[in-house]
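There are 2 protein chains.
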Amino acid sequence: MGVTAEEATDDVFRALADPRRRQILRLVAQEELAAGEIAGAFDVTRTAVSQHLSVLRSADLLTERRDGTRRLYRANPDRIADLRAALDELWASSLDLGRRLVEADRAAGGDAQGGVR
Amino acid sequence: MGVTAEEATDDVFRALADPRRRQILRLVAQEELAAGEIAGAFDVTRTAVSQHLSVLRSADLLTERRDGTRRLYRANPDRIADLRAALDELWASSLDLGRRLVEADRAAGGDAQGGVR
DNA sequence: CTTCTCTGTCAGTTGTCGCTAACGTTAGCG
DNA sequence: CGCTAACGTTAGCGACAACTGACAGAGAAG
């Protein structure tokens with residue numbers, strides 16, 4: 073247990089904060105790609121892409137597989153599922169509030185106008 | 073439609089990148105709170121919290137309601153649902169790959185060790 | 001062994017982010 | 001009207017993040 077769940081979540085959110093990294097993730101979600109192929113899809117230097125890959129790997133959002141000198145990357149479904157779970161923590165709470173408001177409206181004989189808005 | 077979906081998604085992810093903002097969001101997910109009450113829950117200045125609220129509001133992650141001089145904030149479930157949908161775009165693709173790998177393992181007579189890992 | 005390809009890593013620079021302190025604004029109270 | 005309370009906004013500063021260019025290492029090819 074080197075890292076707490078909070079730290080892991082923080083790494084994931086921070087990795088996803090950059091638009092380019094999200095695009096990279098979308099790229100390797102469908103198929104396994106080499107670092108060079110990924111870099112070729114962007115206007116920035118291969119160095120920059122390599123660093124982005126490093127960030128994504130640190131957050132455990134990517135899995136790496138070596139084939140000769142090439143390194144093939146692929147999105148890690150487990151981490152995405154974890155992120156989804158972390159998001160549900162917020163979502164469930166908000167949903168609870170929404171339900172509570174609707175119920176309060178009904179109990180108070182609220183009009184049909186949708187008083188929440 | 074002043075903003076594209078990409079820009080909106082970018083705002084949301086960038087807003088969620090900061091741990092404090094996620095904590096704020098968790099705070100106002102369960103109940104509606106005033107800016108001062110939210111600020112009181114942290115060690116930083118009210119100015120800092122106000123700026124965080126501004127960022128969250130720009131991403132449309134918060135709804136604001138005024139009561140005298142006070143401003144009451146609440147998490148916006150719609151945006152969280154949107155984020156969930158944006159995440160599913162990645163998740164579905166990764167899941168497809170995961171399924172494909174498992175099937176490939178079975179077709180190749182892979183051992184029961186769970187080859188995906 | 002030499003050369004070429006593919007890739008990660010290391011300084012250095014520029015931009016962006018989060019924080020604080022001072023100020024401006026709006027609403028309630030005497 | 002004068003005063004206070006609750007906020008948002010601006011300017012300035014330190015810290016971090018993203019990008020570029022130069023360098024180093026591993027594997028394939030001759």
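If you read the protein sequences in the order shown, they are chains A and B.
Note that this note's numbering gives residue 147 to position 75 of the first sequence, counting from 1, and the numbers run on in steps of one.
Note that this note's numbering gives residue 93 to position 21 of the second sequence, counting from 1, and the numbers run on in steps of one.
Cβ coordinates follow ideal geometry from the N, Cα and C atoms, glycine included.
These numbers were taken from a predicted model, which means no experiment stands behind them.
Output needed for leucine 97 of chain B: all residues of its chain with C-beta closer than 7 Å, excluding positions within five of it in sequence on either side, in chain order. Counting only residues of its own chain and dropping the five nearest sequence neighbours on each side, leucine 97 of chain B has a CB closer than 7 Å to the CB of Leu128, Leu133 and Ala147.
Could you name the residues of the same chain whose beta carbon sits closer than 8 Å to that of arginine 118 of chain B, not counting the 5 residues immediately before and after it, in chain order? Cβ neighbours of arginine 118 of chain B beyond the five flanking positions: Ala107, Gly108 and Ala111.
Please name the residue in B:Val100, B:Thr135 and B:Ala120 whose C-alpha comes closest to that of glutamate 161 of chain A. B:Val100
Can you pull the chain B residues whose beta carbon is under 8 Å from the beta carbon of isoleucine 152 of chain A, in chain order? Leu159, Leu162, Trp163 and Ser166
Residues near arginine 142 of chain B in its chain [Cβ-Cβ closer than 6 Å; skip 5 each side]: Ala106
Assuming leucine 144 of chain B and arginine 137 of chain B form a contact by the criterion Cβ under 8 Å, report the distance between their Cβ atoms to the nearest whole angstrom. 5 Å
What residues in the region 78-90 of chain B bring their beta carbon closer than 7 Å to a beta carbon of chain A? Asp82, Phe85, Arg86, Leu88 and Ala89
Say yes only if the C-beta of leucine 134 of chain B is nearer than 7 Å to one or more non-hydrogen atoms of the ligand MN, and no if none qualify. The model on display carries no ligand, and the ligand MN is accordingly not part of it.
As a quick exercise: from A:Glu103, A:Asp90, A:Leu155 and A:Val75, pick the residue whose alpha carbon is nearest that of threonine 135 of chain A. A:Glu103
Within 10 angstroms of the Cβ of valine 75 of chain A, are there 16 or more other Cβ atoms? Answer buried if so, exposed if not. exposed
Buried/exposed call for arginine 87 of chain A, threshold 16 Cβ in 10 Å: Residue identity check: residue 87 of chain A is alanine in the sequence provided, not arginine. Buried, by the Cβ-count rule.
Can you give the Cα-Cα distance for alanine 153 of chain A and threonine 81 of chain A, rounded to whole angstroms? Rounded to the nearest angstrom, the two C-alpha atoms are 12 Å apart.
Shorter than 8 Å from the beta carbon of alanine 113 of chain B to some beta carbon of chain A? no
Quick one: residues in its chain with C-beta nearer than 6 Å to the C-beta of alanine 131 of chain B, no 5 flanking neighbours on either side, listed in chain order? Asp83, Val84 and Ala87.
How about arginine 98 of chain B: is its C-beta nearer than 8 Å to some C-beta of chain A? Interface residue, yes.
Can you pull the chain B neighbours of alanine 131 of chain A, defined as C-beta to C-beta under 9 Å? Within 9 Å Cβ-Cβ: nothing; alanine 131 of chain A doesn't reach chain B, min ~12 Å.
Keeping to the same chain, check which residues put their C-beta closer than 8 Å to that of arginine 93 of chain A; ignore five residues upstream and five downstream. Ala87, His124, Val127 and Leu128
Best match in B:Glu79, B:Leu159, B:Phe114 and B:Asp139 for proximity to proline 91 of chain B [C-alpha to C-alpha]: B:Phe114
Counting only Cβ pairs nearer than 9 Å, list the residues of chain A close to leucine 125 of chain B. The contacting residues do not exist; leucine 125 of chain B stays about 16 Å from chain A at best.
Is it buried or exposed, valine 121 of chain A, if we count other Cβ atoms within 10 angstroms and call 16 or more buried? Around the C-beta of valine 121 of chain A, 16 or more other C-beta atoms lie within 10 Å, and the residue is accordingly described as buried.
Rank A:Glu79, A:Ala89, A:Pro149 and A:Gly140 by C-alpha distance to the C-alpha of glutamate 79 of chain B and give the top, closest one. A:Ala89
May I ask which residues mark the beginning and end of the beta strand (DSSP E) holding aspartate 139 of chain A? It spans 134-139 - the beta strand (DSSP E) in which aspartate 139 of chain A sits, taken as one unbroken run.
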